[in-house]
Structure formats: structure tokens, C-alpha cells
């Protein structure tokens, strides 16, 4: 669920993307993504969150990844940065 502007910090807006918990029964994952931005492009921000969430799910499906641990993949970082340039 995309929550548009939930708060403000200085001149920036805080937006949040939250997933339902207990959807992945095996992993019991509840995901929260937060973004601090100055953009008013709600559709772009929502698309950014959705695509980052898809990338995160791909990481979770990796049998070598330990849920809850830090994601150190440079590929993941590069993809998220590309999505930020595309949508934000």
C-alpha cells in the first residue's frame, strides 16, 4: 500500500510503501519502504516503490540471502539507483 505524504521534514516530504504481513507464509515477511523526497510526482514515486519492492522480492527468493540481513549486492544498488533516476 502506497501512503503518499505522511509527514514533512524541513522542505522535504516523507512517503511510505507498506506490504501486508504474513503473505509469504514461509518467510513471514512484512516490508516497509520509506522515501524522503522533494518531488510532487506521486505516480512516479508509487512506481518507484513498486519496482523496488519487486527487486526486494527477487532478493528474498535467493536461497543464499538471509531474511533481515543487509543487502550488499552492487547489482541491487545499481538497479535501485537507476529506478530513482527514472521515476524521481
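Numbering (this note's numbering), first residue to last: 817 to 904.
Virtual Cβ for every residue (Gly too), placed ideally from N, Cα, C.
Residue burial is scored here from C-beta neighbours: residue 882 has fewer than 16 other C-beta atoms within 10 angstroms and is therefore classed as exposed. By the Cβ-count criterion, residue 864 is buried, with 16 or more other Cβ atoms from all chains shown falling within 10 Å of its own Cβ. By the Cβ neighbour-count rule, residue 885 is exposed, with fewer than 16 other Cβ atoms within 10 Å of its own. In this structure, the straight-line span from the alpha carbon of residue 887 to that of residue 832 is close to 20 Å. Taking the Cα positions, residue 873 is about 11 Å away from residue 892.
Look at residue 833 here: in three-state DSSP terms it is strand.
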